[in-house]
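Enquirer: For the sequence shown, counting from 1, position 179 maps to 454 in the numbering used here; every step adds exactly one.
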Amino acid sequence: MKKMPYPNEHACRLEEPGKYEKFSRKNCGEKHEGKCIDVIYGIKSGKSEIQALRYKKDVWDEDDARAHCKSRKGKFEAAADEEDSLKDGQEIRTYEIDSLEVREAGEGKGKKIAGHAAVFGKLSEDLGRFREIIEAGAFADTIKHDDIRALFNHIPSYILGRNKAGTLVLEEDERGLYFEIDMPDTQYARDLMVSIGRKDISQCSFAFRVEGKKGEHWEVDGKECEAADAFMAMWDGEKHKIIRHVDKARLYDVSPVTYAAYPQTDVKTRAADYKEMNCTTAEEESAGAEAMADKPDEEGALKGRALSLARQRLNFK
276 MKKMPYPNEH ACRLEEPGKY EKFSRKNCGE KHEGKCIDVI YGIKSGKSEI QALRYKKDVW
336 DEDDARAHCK SRKGKFEAAA DEEDSLKDGQ EIRTYEIDSL EVREAGEGKG KKIAGHAAVF
396 GKLSEDLGRF REIIEAGAFA DTIKHDDIRA LFNHIPSYIL GRNKAGTLVL EEDERGLYFE
456 IDMPDTQYAR DLMVSIGRKD ISQCSFAFRV EGKKGEHWEV DGKECEAADA FMAMWDGEKH
516 KIIRHVDKAR LYDVSPVTYA AYPQTDVKTR AADYKEMNCT TAEEESAGAE AMADKPDEEG
576 ALKGRALSLA RQRLNFK
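(1) What first and last residue would you give for the beta strand (DSSP E) that runs through G304?
(2) Determine which residues share a DSSP beta bridge with G385 and list them.
(3) Starting from S346, trace the alpha helix (DSSP H) in both directions and tell me its first and last residue.
(4) Going by the CB atoms, is the gap between F454 and G390 shorter than 8 Å?
(5) Could you check whether F351 and H285 sit closer than 8 Å to each other, using their CB atoms as the reference points?
(6) In the DSSP output, which residue or residues are listed as bridge partners for K397?
(7) CB H520 to CB I408, shorter than 8 Å?
(8) According to DSSP, simplified to helix, strand and coil, what is K514?
(9) Apart from the five residues just before and just after K319, which ones in its own chain have a Cβ nearer than 6 Å to its Cβ?
(10) At the level of alpha carbons, what is the spacing between R368 and H307?
(11) Does DSSP classify G321 as helix, strand or coil?
(12) Exposed or buried, what is S346 when buried is set at 16 or more other beta-carbons lying within 10 Å of its beta-carbon?
(13) Quick check on this structure: which residue in I418, G349, D457, V529 has the alpha carbon closest to the alpha carbon of L289?
(14) Taking the alpha helix (DSSP H) that S470 falls in, what are its first and last residues?
(15) Taking only the alpha-carbon atoms, compute the straight-line gap between G510 and A503 and give it to the nearest angstrom.
(16) Quick one: residues in its chain with C-beta nearer than 7 Å to the C-beta of A415, no 5 flanking neighbours on either side, listed in chain order?
(17) Using only CA atoms, which one of A413, C287, N302 lies nearest to C328?
(18) What distance in whole Å lies between the Cβ atoms of F481 and A392, which are believed to be in contact at a cut-off of 8 Å?
(19) Less than 8 Å between the C-beta atoms of E400 and F483, yes or no?
(20) Note down the Cα distance separating C311 from Y433, rounded to an integer number of angstroms.
(21) Bridge partners of R424, per DSSP?
(22) Which one of G304, D422, I418, L402 has the shortest CA to CA distance from I518?
(23) Quick one: what's got a C-beta closer than 8 Å to L398's C-beta in the same chain, skipping five residues either side?
(24) So, with DSSP's three-state summary, where would you put P431?
(25) Looking only at its chain, what residues have a beta carbon closer than 7 Å to the beta carbon of G304, apart from the 5 residues adjacent to it on each side?
(26) May I have the straight-line CA-CA distance separating N438 from K332, to the nearest angstrom?
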C-alpha cells in the first residue's frame, strides 16, 4: 500500500484497511489529555473495530501525536504540508478524437493543429466509481497567467508549442477549451501530422490540477455534497451516481496521445481556418480504502485526501 500522508492531520494506522468491507468515522471519538482524536472504524460482517486514529494538526503537534500512536502500537504518519499535497495532485484526462484533417496554412506558413482540449458541460465516461464534468470557466485564469505547453504523449522533449512563446494559443469558447498549435519543423512533429492525417493518432489528453478550495464540487445521486461524502459513497457497497464538477483548474499541457475516455471530442490539423478537438484515463483500490474511511471536518484535509485518492485511482500524475 502506498503511503497517504494527509494535510491538516496526522494519522495512526492500527489495522490494515484491506481487511474491512467498509468504514465509518467519528470525529472526537476519543480524547487524550483533553485533546480530541478522530476515530476510523473498520466494518466487516456487521462488526466494527478501530482501524485508525487521526490527530488534527492544529491541536496535536507531531511529536505528541507520534508518541500517542506508539502507545497504541500503531503505524504513525505525519501530516503532509497542504502545499506539497496539492503539488502532487496533477491529473490527466484523455479524449477520443472524432475527426481529423491536415491542411496547409499557406505558402511558407507551415501547419497547425487546432481544436478543443476539453469540452464543457459533458459527462465523462466512468473514471472509476465516478464520472466528471468540466465546467465553463474552469481554465479561464490558468490560460491567462500560467506557462502551458503542447506536447506529444506528454513527453517534455517532444514539445509542439508553448503559450508564453506564442506558438500555443489557448482560449475558452462556448464549447470548451480551444487550442491552436503552430507546429514546429521537426521530425517528430512532421511524423505526428502524418499519423493524424492517417487517423493513427486519434486521442488527445490534458494535464491539470484542481485549484483551491472551490476548485471542484461533488454530487451523489443528484444532491450536492462534500468531497469526503462522495468518496465515502464510492466505498459504501451501494450503487450511486457520483459526479465530480471541475470548476477551476490549473492547466499544465495538452497532448495528442493514444487512449480515450470522453466521448465528445474531435481534432483537426489545419491551416488558416480552424476546426475542433477534444481531450481523459484507471485505478488502485486497496490504497483508496483508507482514504475513503476519512471524513474530516476541515476542507483542507478533504482536499488532500480527494487528490491523493484521485491520483492513484485514475493514474493522475
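A virtual CB, placed ideally from N, CA and C, is assigned to each residue, including glycine.
Expert: Reading off the structure:
(1) 297 to 307
(2) Paired residues: none, contrary to the question.
(3) 337 to 346
(4) yes
(5) yes
(6) DSSP lists no partner for K397.
(7) yes
(8) coil
(9) Y295, E296
(10) 44 Å
(11) coil
(12) exposed
(13) G349
(14) 462 to 472
(15) Note on identity: in this sequence residue 510 is Trp, with Gly being the wrong assignment. W510 and A503: Cα-Cα distance of roughly 11 Å.
(16) E447
(17) At residue 328 the sequence reads Leu, which differs from the Cys that was named. Closest by alpha carbon: C287.
(18) 5 Å
(19) no
(20) 52 Å
(21) R437, D528
(22) L402
(23) R406, E407, I408, I518
(24) strand
(25) I312, D313, V314
(26) 40 Å
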